[in-house]
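Here the protein sequences come in this chain order: A and B.
When you line the first sequence up against full-length UniProt numbering, it's residues 1 to 272, in that order.
When you line the second sequence up against full-length UniProt numbering, it's residues 1 to 374, in that order.
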Amino acid sequence: MTEDTKFHHGDAQAKKPIIRMVDIQKHFGSVIALAGVSFDLCSGECHCLLGDNGAGKSTFIKTMSGVHKPTAGEIFFEDRPMHFEDPRDAISAGIATVHQHLAMIPLMSVSRNFFMGNEPTRKVGGISFFDKKLADEITMEEMRKMGINLRGPDQAVGTLSGGERQTVAIARAVHFGAKILILDEPTSALGVRQTSNVLATIDKVRSQGVGVVFISHNVRHALAVGDRFTVLNRGKTLGTARRGEITPEELQDLMAGGQELAQLEGSLGGTV
Amino acid sequence: MSETVQSTAGGDERIKEISPLRRALIRPELGGMVGTVAVFTFFLLFAFDSGMFNSQGIMNWSIVSAQFMIIAVGACLLMIAGEFDLSVGSMIGFAGMMIAIFSVTLSWPVWMAILVTFALCVTIGALNGYIVVRTGLPSFIVTLAFLFILRGFTIYLPQTIERKTIIGGIKDVAEGDWLASIFGGKVFQGLFVWLGDNGLIETFSRGSREGQPVVDGIPMLLIWAIGLIIFGHVLLTKTKFGNWIFAAGGDAEAARNSGVPVNRVKVLMFMFTAFCATVFATCQVMEFGSAGADRGLLKEFEAIIAVVIGGALLTGGYGSVLGAALGALIFGVVQQGLFFAGVESSLFRVFLGVILLGAVILNTYIRRIITGER
Ligand SMILES: Nc1ncnc2c1ncn2[C@@H]1O[C@H](COP(=O)(O)OP(=O)(O)O)[C@@H](O)[C@H]1O
Ligand SMILES: [Mg+2]
Chain A
1 MTEDTKFHHG DAQAKKPIIR MVDIQKHFGS VIALAGVSFD LCSGECHCLL GDNGAGKSTF
61 IKTMSGVHKP TAGEIFFEDR PMHFEDPRDA ISAGIATVHQ HLAMIPLMSV SRNFFMGNEP
121 TRKVGGISFF DKKLADEITM EEMRKMGINL RGPDQAVGTL SGGERQTVAI ARAVHFGAKI
181 LILDEPTSAL GVRQTSNVLA TIDKVRSQGV GVVFISHNVR HALAVGDRFT VLNRGKTLGT
241 ARRGEITPEE LQDLMAGGQE LAQLEGSLGG TV
Chain B
1 MSETVQSTAG GDERIKEISP LRRALIRPEL GGMVGTVAVF TFFLLFAFDS GMFNSQGIMN
61 WSIVSAQFMI IAVGACLLMI AGEFDLSVGS MIGFAGMMIA IFSVTLSWPV WMAILVTFAL
121 CVTIGALNGY IVVRTGLPSF IVTLAFLFIL RGFTIYLPQT IERKTIIGGI KDVAEGDWLA
181 SIFGGKVFQG LFVWLGDNGL IETFSRGSRE GQPVVDGIPM LLIWAIGLII FGHVLLTKTK
241 FGNWIFAAGG DAEAARNSGV PVNRVKVLMF MFTAFCATVF ATCQVMEFGS AGADRGLLKE
301 FEAIIAVVIG GALLTGGYGS VLGAALGALI FGVVQQGLFF AGVESSLFRV FLGVILLGAV
361 ILNTYIRRII TGER
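Here it is as structure tokens:
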């Protein structure tokens, strides 16, 4: 790797991070998906996690959201060591995740999806029932705020477009008052307008004091909203840079692991 | 790009208005509703005079349908949760046999025999579920193993203990037992006497029971069927747990990531299916007064067929208890109706196949409209 002074490992932060991940490793049998990744996140910032396909981005955030237990390494949440047994633990700690592929269940209605795992209840004669009316109202309201006009709260998620589904998932995460919002490649399947919608949403959420982890392999999307940028390559961090300290070209090179892309870019005339 | 039209504040002009009638009709139960209407129309036209629609006839197909309903409710919730139980039929035989062995061979009080059998069978259901969620094997295979294991025990145990495959004499030991009457008794007898006295239903015209109604009450089996349908429907559509059932079957991984305890939901549904099978078995044993090693054969498929006719998706995540109940009703009415109509009984299978195919095609069409599947 080239020595780049713009990159700092273990950057000293002015603000105290809400979550600190130290030297996280994750092995799947003989596959080493993460070989020691450190990362931190403050409230009200958007920390972008960049890297090519297979770099380990999804695996990393899954250790943060309780899906995977790290093979080694430590997680400090609000300065206390944390061990998430399952996603429920992470959710109740205030970590909301919009996963790359499996955010929504297409066969279920928007309102049932919205409240999945968090259903509001109402007691009738001592028995607790799913408060569908409340769930429907909130869902319609939140969707309207996000600019999605539903036919009704019973409309199945399968009838929505990819971008609309992504928006529902983000709206859901925000609604439940997360301290940390993790978005795993929310823009990679979206059109231009939908992408700018999602980026605008990230900006809005950040200004409300939520810490956002934004995963992407698109440098332009990351630079549009990111405060800090961490690049992963083959299960390792290549470094963290602040906004303004790095150019898109440098980020792009780093993601691809340096030279090869530079050569490729030459032959493609700078279109990548 | 698809997003060419700017959506306006009031509504989205790209969303087609759907007429209220169409909206009311497009529901998971529609296939079952259409099938029910078709089947009743058919038999009203072709078998009206056969006695199928007098009090005795109605009771006849109601009982058969209720039996299907009891196991269909369990199979329905389990299928929506994304799993199958092929051991239901064997479980029915096994549960009946255990009640007989406990109460007749071991002379336990019948209530105790029933309670212990319920505990045993629900535990086996939990074991089924536990193996499925732990190993990640398809429930199809795991419960197929239990289909053989339980049937094997159901034949082996009475043969070793009593040297026969049918154990009788349960009626005598169950006489006056409080719990036995909850499965084998009848209710609303007074109402039926009154109906008979007022000439609204048939009464015996000769013999020792002259003047008494031919149908003298509602068997508890029917009450269980209705109770389980209401329970299943409310659980599925009106509770938080119901949402978890849909989620677990729709996409287990997504549900887990959202904090739904998927494994717990699935194991509980296997237990509920076993519970339903045991209810079926207990009612049957109390009615016949005996337990046989061949009871419940093929019931798992009949339950699954009823559920699928009722609009559930075989791969999970979608379905309706009310639909499954209608599927069971169709099943029962067709089976008994052909008998009343004097149709060669082997044609029942032809009928069933045609209905199954028709219902599934209709259901798939409806489901695509609702869920936007392509
Ligand atoms: N559950 C798993 N079992 C085995 N290997 C896995 C598993 N999840 C991810 N991997 C491997 O870990 C590596 C990183 O994957 P992933 O985190 O999905 O990458 P990214 O999200 O950056 O594209 C890949 O080589 C992938 O094959
Ligand atoms: Mg990924």
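Glycine included, every Cβ here is placed at the ideal spot set by N, Cα and C.
So, at 8 Å on beta carbons, what are the nonlocal neighbours of residue i in its own chain, with the 5 sequence-adjacent residues on each side left out?
i: B:Gln212; result: Val193, Gly196, Thr203 and Phe204
i: B:Gly319; result: Pro28, Cys76, Met79, Ile80, Val307, Gly310, Gly311, Ala312 and Leu313
i: B:Ser107; result: Val173
i: B:Leu147; result: Leu86, Ser87, Gly89, Ser90 and Glu300
How long is the line joining the alpha carbons of residue i and residue j, rounded to whole angstroms?
i: A:Gly226; j: A:Val213; result: 9 Å
i: B:Ile70; j: A:Ala93; result: 42 Å
i: B:Gly79; j: B:Met269; result: For clarity, residue 79 of chain B is Met in the given sequence; the question names Gly instead. Cα-Cα distance, rounded: 9 Å.
i: A:Ser43; j: A:His175; result: 17 Å
i: A:Ala96; j: A:Ala90; result: 8 Å
i: B:Leu297; j: B:Asn128; result: 19 Å
i: B:Ile26; j: A:Arg151; result: 14 Å
i: B:Arg264; j: A:Pro87; result: 14 Å
i: B:Asp49; j: B:Ala341; result: 9 Å
i: B:Ile245; j: B:Lys266; result: 8 Å
i: B:Met286; j: B:Gly125; result: 22 Å
i: B:Phe102; j: B:Arg151; result: 18 Å
i: A:Thr237; j: A:His83; result: 22 Å
i: B:His233; j: A:Glu249; result: 58 Å
i: A:Gln166; j: A:Thr247; result: 28 Å
i: B:Gly31; j: B:Gly358; result: 9 Å
i: A:Val210; j: B:Arg368; result: 38 Å
Could one say the Cβ of residue i lies closer than 7 Å to chain B's Cβ atoms, at least one of them?
i: A:Gly158; result: yes
i: A:Gly117; result: yes
i: A:Pro81; result: no
i: A:Arg165; result: no
i: A:Pro153; result: no
i: A:Phe84; result: no
i: A:Thr121; result: yes
i: A:Met108; result: yes
i: A:His27; result: no
i: A:Arg220; result: no
i: A:His175; result: no
i: A:Arg20; result: no
i: A:Ile138; result: no
i: A:Ile91; result: yes
i: A:His99; result: yes
i: A:Phe130; result: yes
i: A:Ile105; result: yes
Apart from the five residues on each side of it in sequence, which residues of its chain come closer than 7 Å, Cβ to Cβ, to residue i?
i: A:His101; result: none
i: B:Phe351; result: Val334 and Leu338
i: A:Cys46; result: Ile202, Arg206, Val212, Phe214, Val225, Gly226 and Asp227
i: A:Glu78; result: Ile18
i: B:Gly11; result: Summary for B:Gly11: the model assigns pLDDT 46, below 50, so the residue's position carries little reliability, and this model does not support an answer.
i: A:Lys15; result: Cys42
i: B:Gly168; result: Gly289 and Ser290
Please go through the same chain and pick out, in chain order, the residues whose beta-carbon is closer than 6 Å to the beta-carbon of residue i, but skip the five residues on each side of it.
i: A:Phe114; result: Thr139 and Arg172
i: A:Asp136; result: Ser111 and Pro153
i: B:Ser139; result: Glu83, Phe84 and Val132
i: B:Ala255; result: Ala247, Ala248 and Val262
i: A:Pro106; result: Val157 and Gly158
i: B:Ala95; result: Thr117, Cys121, Thr278 and Ala281
Output yes if chain D places a C-beta closer than 7 Å to the C-beta of residue i; else output no.
i: A:Pro87; result: Structure shown: chain D not included; protein chains present are A and B.
Item to complete: Return the residues of the region 253–265 of chain B that lie within a Cβ-Cβ distance of less than 7 Å from chain A, sorted by chain order.
Response: Glu253, Ala254, Ala255, Arg256, Asn257, Ser258, Gly259 and Val260
Worksheet item: Just by C-beta distance, which residues in the region 238–251 of chain B are closer than 9 Å to chain A?
Response: Lys238, Thr239, Lys240, Phe241, Gly242, Asn243, Trp244, Phe246, Ala247, Gly249, Gly250 and Asp251
Item to complete: Starting from the N-terminal side, write out each stretch of the beta strand (DSSP E) that is 3 residues or longer and does not extend beyond the region 97–176 of chain A.
Response: 121–124 and 127–130
Worksheet item: When Cβ atoms are compared, which residues of the region 349–373 of chain B fall closer than 7 Å to chain A?
Response: Ile370, Thr371, Gly372 and Glu373
Worksheet item: Just by C-beta distance, which residues in the region 315–335 of chain B are closer than 8 Å to chain A?
Response: Gly317 and Tyr318
Practice prompt. For the region 80–116 of chain B, list the beta strand (DSSP E) runs that are entirely contained and at least 3 residues long, ordered along the chain.
Written response: none
Worksheet item: Which residues, in order along the region 224–257 of chain A, keep a beta-carbon less than 9 Å from a beta-carbon of chain B?
Response: none
Discussion item. Report the start-end ranges of each alpha helix (DSSP H) in the region 305–339 of chain B that is 4 residues or longer and not cut off at the edges.
Written reply: none
Fill in: Interface positions of the region 200–215 of chain A facing chain B (Cβ-Cβ less than 8 Å), listed along the chain
none
Discussion item. Please give me, in chain order, every unbroken run of the alpha helix (DSSP H) with length at least 4 that falls completely inside the region 222–247 of chain A.
Written reply: none
Practice prompt. Only counting runs of 4 or more residues, tell me where the alpha helix (DSSP H) segments fall wholly within the region 169–195 of chain B, in order along the chain.
Written response: 170–174 and 178–184
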